[in-house]
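Scroll down for the structure; my scribbles are underneath it.
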Amino acid sequence: MKESIFPIVREYLLNSSIPKFFNENSRTVGFRYQSYKNLSSMNSSKKTIFLATPYFGEWNAEHFYSLHIGYKTFIRYSCPIYNCHVTKEPSQIHKADALLFHVRDLEVFSIPRRYSPNQVWILYSMEPPWLEIRDMQKFNGIFNWTMSYRRKSDILMQYGFVGRLPQPMVKLTRFKERLISLRTKQNKAVWFVSNCNTDSNREEYIKQLKKIYPVDVFGGCGKEFCRPAETQKCYTRVAVRYKFYISFENAICRDYVTEKLFNPLNYDIIPVVLGGADYSTVTPRHSVINAMDFNNPEDLGRYLWKVSKTDTLYLSYFWWKSIYKPYLQPWMCDLCAKLHNSPVSRTWDNLDEWWNEGHTCSRWSNNSFTLHKNNRFPFYHTKLF
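Using the numbering used here, count along the sequence shown one by one with no gaps and you end on 395.
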């Protein structure tokens, strides 16, 4: 994920609670959030987080979804509670307040012994079930908290969220200004993609869609290129030229929605989404076009033509821009605050239920979406201790 696409989270963190889901009825951000106002890093003791596994095989991954050694992560993103220290030194494991395990890098024989019943053991992943280890029963009774994009996780680790702007920016949605921007737009959709063989089979869906509505493909699966890929420069370029942005996930699993949605929301282009999330809880109403709302790619294509040719209808998809804005979801702030505020209260005795129940994924096949199970296992693991 390219961080430059998003505003840094601090502008939202300093003045607001952290939203988890979008409340469609009231058009406000809310219904599940974490408040930090009752805590202060100045009067709280340090919490030590021990990295029990690497992140996709890397101990020093410079990624928004990995923790950096020391206090760097929590200070960089202006967490209200930042007194959390990250270490990977084995000598620190016995006095760590929390141990963090990344699912993709986990094996049962790499689990160290627990040095204190007060240690919080955390299992985390940003990947859908069929891309990870599926047999979770062997980890029952080991972990206290889960951290992932799934709503039932103890700590929600989303790819982004849509939050209310501190002050409405009405001038950005003036009809005349947006009408001018339409003069440069072609009646086309654009798709940035490098994975050409996905579990969702999105590439076959697009193949059928292109018979009705034109789609230009950028990246390894197409003929168009923009360097560096998926940066502000590229998004700005395509937003001027195209009406729609294809935001299809590589896996159609419950709650799974990635930067493929949140990146284009920063620009004057309509995302066309395909995924397993309930988009009404993730985005403002009438801000995206959901492929799942149509019987087939042909019907979707015909609707894209309708929107393309009707300026008022096209512009109506930007009504929310004066009120809301996409942000990075500051999961690291939730993690640090929860360590300071929540005692160890339970152990997950049935991880398989959390991991697999209700998470059978779908794929496009034979002109319809069908339930699909994939029993692939990761090709590598990391043995520790």
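Glycine included, each C-beta is placed from N, C-alpha and C at the ideal position.
Being a predicted model, the structure only gives us computed values, none of them experimental.
Alpha-carbon to alpha-carbon, residue j and residue i
| i | j | result |
| --- | --- | --- |
| Ile79 | Asn366 | 32 Å |
| Pro122 | Phe111 | 11 Å |
| Arg247 | Gln196 | 12 Å |
| Leu256 | Leu219 | In the sequence as displayed, the identity of residue 256 is Ile instead of Leu. Their backbone Cα atoms lie some 11 Å apart in a straight line. |
| Arg161 | Leu284 | 19 Å |
| Leu323 | Trp329 | 11 Å |
| Val298 | Met167 | 22 Å |
| His391 | Ser290 | The predicted model places His391 with a pLDDT of 34, which falls under 50 and marks its position as unreliable, so this point remains unresolved. |
| Asp115 | Ser326 | 45 Å |
| Asn305 | Thr97 | 51 Å |
| Ile165 | Ser135 | 11 Å |
| Leu175 | Lys335 | 6 Å |
| Lys233 | Leu61 | 41 Å |
| Gln147 | Cys89 | 35 Å |
| Tyr159 | Pro224 | 32 Å |
| Glu117 | Ile59 | 20 Å |
| Tyr81 | Ser204 | 34 Å |
| Glu72 | Arg312 | 43 Å |
| Asp226 | Phe235 | 10 Å |
| Asp362 | Pro340 | 27 Å |
| Ser378 | Asn351 | 46 Å |
| Val39 | Arg295 | With a pLDDT of only 37 at Val39, under 50, the local geometry of the prediction cannot be trusted, and no value is derived from it. |
| Thr83 | Asn376 | 46 Å |
| Pro274 | Phe202 | 11 Å |
| Ala287 | Tyr75 | 20 Å |
| Asp265 | Ser163 | 11 Å |
| Ile280 | Asn150 | 43 Å |
| Leu381 | Leu133 | 26 Å |
| Ile85 | Ser191 | 38 Å |
| Lys198 | Asn300 | 17 Å |
| Arg237 | Leu310 | 30 Å |
| Ile91 | Trp131 | 20 Å |
Selection from the options that minimises the alpha carbon distance to residue i
| i | options | result |
| --- | --- | --- |
| Asn211 | Val225, Asn260, Tyr125 | Asn260 |
| Leu338 | Gln218, Asp115, Tyr87 | Tyr87 |
| Val113 | Glu137, Asn306, Tyr92, Asp107 | Glu137 |
| Gly173 | Ile91, Val250, Phe272, Leu109 | Phe272 |
| Lys253 | Gly286, Phe149, Cys236, Leu314 | Leu314 |
| Val354 | Trp341, Asp107, Thr58 | Asp107 |
| Asp145 | Cys371, Pro100, Trp364 | Trp364 |
| Asp209 | Asp278, Glu234, Pro139 | Pro139 |
| Phe228 | Pro100, Leu133, Val200 | Val200 |
| Pro100 | Leu275, Ile132, Ser163, Thr63 | Thr63 |
| Arg193 | Tyr277, Arg237, Asn150, Val250 | Val250 |
| Lys56 | Phe84, Asn93, Ile85 | Asn93 |
| Pro412 | Leu109, Ser372, Ser120 | With the chain covering only 11 through 395, there is no way to say anything about residue 412. |
| Asp278 | Asp265, Leu310, Ser332, Phe258 | Ser332 |
| Gln129 | Phe149, Gln102, Asn150 | Gln102 |
| Phe404 | Asn300, Thr293, Thr380 | Past the boundaries of the shown model lies residue 404; the chain is included only from 11 to 395, so the question cannot be answered. |
| Lys258 | Phe149, Ser191, Ser372 | In the sequence as presented, Lys is not what sits at residue 258; that position holds Phe. It is Ser372. |
For residue j and residue i, believed in contact at Cβ under 8 Å, the rounded distance
| i | j | result |
| --- | --- | --- |
| Glu308 | Ile222 | 5 Å |
| Trp374 | Glu214 | 6 Å |
| Gly230 | Cys206 | 7 Å |
| Val267 | Tyr169 | 7 Å |
| His95 | Tyr125 | With 8 Å as the limit, His95 and Tyr125 do not qualify as a contact, their Cβ atoms being about 17 Å apart. |
| Met302 | Leu77 | Wrong, their Cβ atoms sit about 35 Å apart, outside the cutoff. |
Bridge-paired residues (DSSP) for residue i
| i | result |
| --- | --- |
| Arg264 | Gly286 |
| Asn300 | Val283 |
| His95 | Thr58 |
| Ile103 | DSSP lists no partner for Ile103. |
| Asp226 | Val200 |
| Glu234 | Phe228 |
| Pro336 | Val172 |
| Ile132 | Leu110, Trp155 |
| Ile165 | Met157 |
| Phe341 | Per the sequence shown, the amino acid found at residue 341 is Trp instead of Phe. Trp341 is not bridged to any residue. |
| Leu255 | This sequence places Tyr at residue 255; Leu is not what is there. The partner list for Tyr255 (beta bridge, DSSP) reads Val200, Pro281. |
| Tyr65 | Glu68 |
| Gly80 | Val96 |
Q: Flag this pair as touching only if the region 152-169 and the region 341-358 have three or more C-beta atom pairs under 8 Å; answer yes or no.
A: Segments in contact, yes.
Q: Give a yes or no on contact between the region 305-320 and the region 62-73, applying the rule of three or more CB pairs nearer than 8 Å.
A: no
Q. Below 8 Å, can you find three or more Cβ-Cβ pairs linking the region 237-253 to the region 335-353?
A. no
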